[in-house]
Amino acid sequence: MNGDIGTSTQTPQLRALLFTDLCDSLILVERIGDSAAAELFQQHDRLVLTLQQQWNGHQIDRSDGLFLLFERAIDALGFALDYQRGLQQIGEERGIVLRARSGLHVGEVLTWENSPEAIKVGAKSLEVEGLAKPMAARLMTLARPGQILLSAVAESLTHRVTGELGERGERLLWKSHGRWRFKGVPTTQEVFEVGEIGFAPLRMPRGNAKARRDIPLWRQPPALAAEALLVAALAVGGWMLLRPEPAIAFAERDWVVVGDVNNLTGNVLLDDSLQQAFRISLEQSRFVNVLSDMKVRDTLTRMRRAPDVRLDRRLALEVAARDGARAIILPSVLEVHGKLRVSVEVVDPASGETVYSDYADGRGLESVLASTDHVVASLRGRLGEALQDIDRTSAPLPEVATANLDALNAYAKGLAAYGQHRMPQALAYFEQATRLDPEFAFAYLAQLRIQVSRGQRDPARELLAKAVLLRDRLTAREALYLDAWKLELSEPGQAAAAEKWKLLADLYPDHHGAHINYGLSELDMGRYAVAEQAVRHGDVMQYPLRSLAVDLLGRTQLAQNKFGQALRTFNEAAVSSGGQGTRQRVAALAASGDVAAATRLLGKLEKNDPGNWLERTSLALDQGNTDAARRSAQQAAADCGTSVQVCELFGVIDLSVRSGTGQPPTEAEFHRLVQPLLRQAGRSDTDDRGQRLYFAAVAVYAAQRAGLDRVAPHYLPTLLPLARQLGDARAAQVVSIVDAVELARRGKTGQSVARLKALEDGSELYQVHSALRRAYLAEGAEQDAERERQWLLANRGRAYAESAGSYAMQALNVHDARLAVQRCPAAGCPAVAAVR
1048 MNGDIGTSTQ TPQLRALLFT DLCDSLILVE RIGDSAAAEL FQQHDRLVLT LQQQWNGHQI
1108 DRSDGLFLLF ERAIDALGFA LDYQRGLQQI GEERGIVLRA RSGLHVGEVL TWENSPEAIK
1168 VGAKSLEVEG LAKPMAARLM TLARPGQILL SAVAESLTHR VTGELGERGE RLLWKSHGRW
1228 RFKGVPTTQE VFEVGEIGFA PLRMPRGNAK ARRDIPLWRQ PPALAAEALL VAALAVGGWM
1288 LLRPEPAIAF AERDWVVVGD VNNLTGNVLL DDSLQQAFRI SLEQSRFVNV LSDMKVRDTL
1348 TRMRRAPDVR LDRRLALEVA ARDGARAIIL PSVLEVHGKL RVSVEVVDPA SGETVYSDYA
1408 DGRGLESVLA STDHVVASLR GRLGEALQDI DRTSAPLPEV ATANLDALNA YAKGLAAYGQ
1468 HRMPQALAYF EQATRLDPEF AFAYLAQLRI QVSRGQRDPA RELLAKAVLL RDRLTAREAL
1528 YLDAWKLELS EPGQAAAAEK WKLLADLYPD HHGAHINYGL SELDMGRYAV AEQAVRHGDV
1588 MQYPLRSLAV DLLGRTQLAQ NKFGQALRTF NEAAVSSGGQ GTRQRVAALA ASGDVAAATR
1648 LLGKLEKNDP GNWLERTSLA LDQGNTDAAR RSAQQAAADC GTSVQVCELF GVIDLSVRSG
1708 TGQPPTEAEF HRLVQPLLRQ AGRSDTDDRG QRLYFAAVAV YAAQRAGLDR VAPHYLPTLL
1768 PLARQLGDAR AAQVVSIVDA VELARRGKTG QSVARLKALE DGSELYQVHS ALRRAYLAEG
1828 AEQDAERERQ WLLANRGRAY AESAGSYAMQ ALNVHDARLA VQRCPAAGCP AVAAVR
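The opening residue of the sequence shown carries number 1048 in my numbering; numbering runs sequentially from there.
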């Protein structure tokens, strides 16, 4: 019957055709019964309808399977992947196995709509014909249960745009199953399989009467039988000599656990030094990820084992199971016939069996590092790394570390102490390593990390200068790490450092520290959403400092006013670190409106920690207790210790709090603080010039808030050119706020507003909006001022979490956020109610 109503396309259209078939549906109905099967198929139909709407599919026909048409091949693939996942979920809910086979092809088809009369007697509403239709159907019949097969055309059109599928597109597995001959199709076709990890069978399809593999004559069954007889005779005789080594399921960027060296020489110098040599040599690979010693010791602690217990084969198996490692590396060293043998054993954690081993011999201790390089290169190849990649990223240990085993031993002991948070001992070991080998660049970098964590940036810069001169003595990854720190500690450097951390993270996706440092830089720059994404990449169980990563993630969420998420994240950080929380959790509680809980938690934290002083002052302001806030700020400034920058910071906060709470300092007090800060910022031979400019500008801004009108005009001629010269974006923004406030004071409110509005880009400082609100009020623009008040109210999280300038304006931010709440109408503030 021709039911065409005249809507057929006279020209072929290029479409993606997807055929699916629900496997063993009749057996399933027989097993679960008609009633349960009806419910199941109704749920199945709802799944199909949802996915059709999501992926813009047009259902042409259905019985046990589906025939759908798509305008884009990637939409058809998205449907197929989600269909497989949806079937698995339905099956799990009902305690059955549901799988479908799918075939996807892209080709030209003709379509037409049937008449209503034809549809009434059973015709489909839309007909599709063309050679592409049987081709897609053949692919579907060829597929195994759970398998998605594609033609070469479909594979080409989908593989290159998998990015549209999001993160899932990066995890897809692709496999070619060779060329096939399909009945009715004149040429051979290459068949591909695609699927997600855990879903894709990745097995050769089973041929049938309508599809068979295209294989040469010598691979036909009769020829293979004759060849097999010949090969069998040779194989039987050579079996004992040619037995294949067992394999291990290892993929790129999988993790390995390196056990402690089994030192059978009696020379204790080789215990820690050879262990570290193995790690440095293996960490040059981008293919293999080595679980850090700090993470291994942390896992042992969670297993209730002593962190310094020897990591033998049995313990390494337990650590691998807990941390998701796919291989265990067990190095050893012994003397054989007067030679020093370095060997390595690779163990499969799944079975506990040794899958292969290798060794290298040399004469004397001086051969140990070269032997280590040899066995590690062999190991990397056995795990599947390409030979050209091994050659490109395998610098000899004496060149990228040290040829001095005593220095390497001291470095290894320093890393052990660092992993146990014994920083003084770690620093002493690292210093001893550089005394033994003054060209040991790794040891200088290790010292740099400790000095930065202590806030000692000047000693860190001295160490950086030494490491820079030895850059060619580092691996490629550590050289990039050095470059990032060089920018981080330079003037200005923050934005450039962020890009370098991102580069390191992109090239080495499992370098968790790179992701975390990139997130920190973006947080300081006010790009909070970018910071959150960066930190999420570093928040994995293999990261030894994961509790710090989780805490940083909470800070990025708090800055975006995601109070519920931030509190859950800070709770997780407290659990993972074994503590009760940090000042960041105090800030999240206060910003969300639970000031009482924030006060209780703050009372449990270390009273002499400078970071907690910040929260104590801000929390007092949030409660309206200005006397307590002033006392807290003054005490912090008086007890700041010997760190010059910490004293400068709390000096600025003290002036700011007093200026905003009705007891402003004198002009002389401002001059005593601002003048030395600007002197240091203006000298090219000093460090942290941008930070000092930031402090000076905040102090001048506080003087403006206190009504001291002569301070800003006195310093602006110095502040403005310094801001242009140094190029520090955050310091320049505070200077612009000072300049805009001065314009408003002189009656130029229009220019003041324009200057402040130019700073708005989503990353602007909280005080930009506070200054804008006051400028609008001075101009009489009450609606605009109310809009800014609402912004201040809605961004309490940012008020607390803004980390620019070491949180120098946090107290002012919280003070202004409270003022915004106090000036709500009598009916209350909806935004605050939502926050609370």
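Where is the CB? At the ideal position from N, CA and C, for every residue including glycine.
Helix, strand or coil for residue 1821? Go by DSSP, reduced to three states.
Of the three classes helix, strand and coil, the one that applies to residue 1821 here is helix, per DSSP.
Using DSSP with H/G/I as helix, E/B as strand and the rest coil, what is residue 1222?
Strand, per DSSP.
For residue 1736 and residue 1398, I'd like the C-alpha separation in whole angstroms.
About 58 Å.
Considering only their Cβ atoms, is the gap separating residue 1203 from residue 1182 smaller than 8 Å?
Contact flag unset, no.
Please report how far the alpha carbon of residue 1805 lies from the alpha carbon of residue 1508, in whole angstroms.
Looking at the two C-alpha atoms, the distance is approximately 35 Å.
Within the same chain, show all residues whose beta-carbon is closer than 6 Å to that of residue 1421, passing over the 5 residues directly before and after it, in chain order.
Excluding residues within five positions, the ones whose Cβ falls inside 6 Å are 1407.
For residue 1378, which residues from the same chain have a beta carbon less than 6 Å from its beta carbon, with the 5 sequence-adjacent residues on both sides left out?
Result list for residue 1378: 1308, 1325 and 1391, in chain order.
Compare the Cα-Cα distances from residue 1354 to each of 1621, 1652, 1465 and 1793 and report the closest residue.
With distances taken between Cα atoms, residue 1354 lies closest to 1465.
Take the Cβ of residue 1336 as the centre, count every other Cβ of all protein chains shown within 10 Å, and call the residue buried at 16 or more, exposed below.
When all chains shown are included, residue 1336 counts as buried.
On the three-pair Cβ rule with 8 Å, is the region 1363-1377 touching the region 1479-1488?
The region 1363-1377 is not in contact with the region 1479-1488.
Please determine, among 1704, 1700, 1693 and 1766, the residue with the shortest C-alpha to C-alpha distance to residue 1725.
Ranking 1704, 1700, 1693 and 1766 by Cα distance to residue 1725 puts 1766 first.
By alpha-carbon positions, which one of 1121, 1762 and 1561 ends up nearest to residue 1210?
Nearest option by C-alpha distance: 1121.
Pick helix, strand or coil for residue 1472, following the three-state DSSP scheme.
Reduced to three states, the DSSP call for residue 1472 is helix.
Kindly confirm or deny that the region 1537-1553 and the region 1770-1782 touch, where touching means at least three C-beta pairs closer than 8 Å.
These segments touch.
Could you name each continuous alpha helix (DSSP H) segment of 4 residues or more that falls completely within the region 1294-1344, going from the start of the chain to the end?
Correct list: 1316-1329.
Buried or exposed: where does residue 1286 fall if 16 or more other Cβ atoms within 10 Å of its Cβ makes it buried?
Per-residue confidence for residue 1286 stands at a pLDDT of 45, beneath the threshold of 50, marking its modelled position as unreliable; the derived number appears in the next sentence. Exposed, because fewer than 16 other Cβ atoms sit within 10 Å of the Cβ of residue 1286.
Within the same chain, show all residues whose beta-carbon is closer than 8 Å to that of residue 1896, passing over the 5 residues directly before and after it, in chain order.
There is no way to answer for residue 1896, as the model of the chain reaches only from 1048 to 1883.
Should the region 1206-1220 be called in touch with the region 1112-1127, which here means at least 3 C-beta pairs below 8 Å?
Touching, yes.
Where does residue 1246 fall in DSSP's three states?
In this structure, residue 1246 counts as coil in the three-state DSSP scheme.
For residue 1864, which option in 1434, 1145 and 1848 has the closest C-alpha, if you only look at C-alpha atoms?
Measuring from the Cα of residue 1864, the nearest candidate turns out to be 1848.
Between which residues of its own chain and residue 1061 is the CB-CB distance below 6 Å, once the five residues before and five after are set aside?
Taken in chain order, the residues that qualify are 1155.
With a threshold of 7 Å on Cβ separation, who are the neighbours of residue 1532 within its own chain once the five nearest residues in sequence on each side are excluded?
Answer for residue 1532: 1495 and 1511, listed in chain order.
Would you report the Cα separation of residue 1175 and residue 1059, rounded to the nearest angstrom?
Rounded to whole angstroms, residue 1175 to residue 1059 spans 11 Å at the Cα level.
Drop a sphere of 10 angstroms on the beta-carbon of residue 1311, count the other beta-carbons inside from all chains shown, and report buried for 16 or more, exposed for fewer.
Residue 1311 comes out exposed.
Classify residue 1768 as helix, strand or coil using the three-state DSSP reduction.
The answer is helix: DSSP assigns residue 1768 an H, G or I state.
With hydrogens ignored, establish whether the beta-carbon of residue 1723 is closer than 7 Å to any heavy atom of the ligand GTP.
No copy of the ligand GTP occurs in the structure displayed, which carries no ligand at all.
Report the three-state DSSP secondary structure of residue 1210 (helix, strand or coil).
Helix, per DSSP.
Are the beta-carbon atoms of residue 1629 and residue 1598 separated by less than 8 Å?
Taking 8 Å as the Cβ cut-off, residue 1629 and residue 1598 qualify as a contacting pair.
Could you check whether residue 1697 and residue 1684 sit closer than 8 Å to each other, using their CB atoms as the reference points?
Their beta carbons are under 8 Å apart, which means residue 1684 touches residue 1697 by this criterion.
Run through the region 1094-1120 for me and flag every whole beta strand (DSSP E) of 3 or more residues, listed as ranges in chain order.
Qualifying beta strand (DSSP E) stretches, in chain order: 1105-1109 and 1112-1117.
Nearest by alpha-carbon distance to residue 1723: which of 1709, 1710, 1147 and 1740 is it?
Of the candidates 1709, 1710, 1147 and 1740, the one whose C-alpha sits nearest the C-alpha of residue 1723 is 1740.
Just curious, the beta strand (DSSP E) that residue 1380 is in, first and last residue?
Looking at the DSSP string, the run of the beta strand (DSSP E) that includes residue 1380 is 1374-1383.
Sort out for me which residues DSSP pairs residue 1067 with in a bridge.
Looking at the DSSP assignment, residue 1067 forms a beta bridge with 1113 and 1149.
Measure the alpha-carbon distance for residue 1339 versus residue 1703 and round it to whole angstroms.
If I take the Cα positions, the gap works out to 44 Å.
Just reading off the beta strand (DSSP E) that residue 1262 is part of, what are its end residues?
From DSSP, residue 1262 is part of no beta strand (DSSP E); its letter is neither H nor E.
From 1098, 1435 and 1570, pick the residue whose C-alpha is nearest to that of residue 1117; which is it?
Of the listed residues, the one whose Cα sits closest to residue 1117 is 1098.
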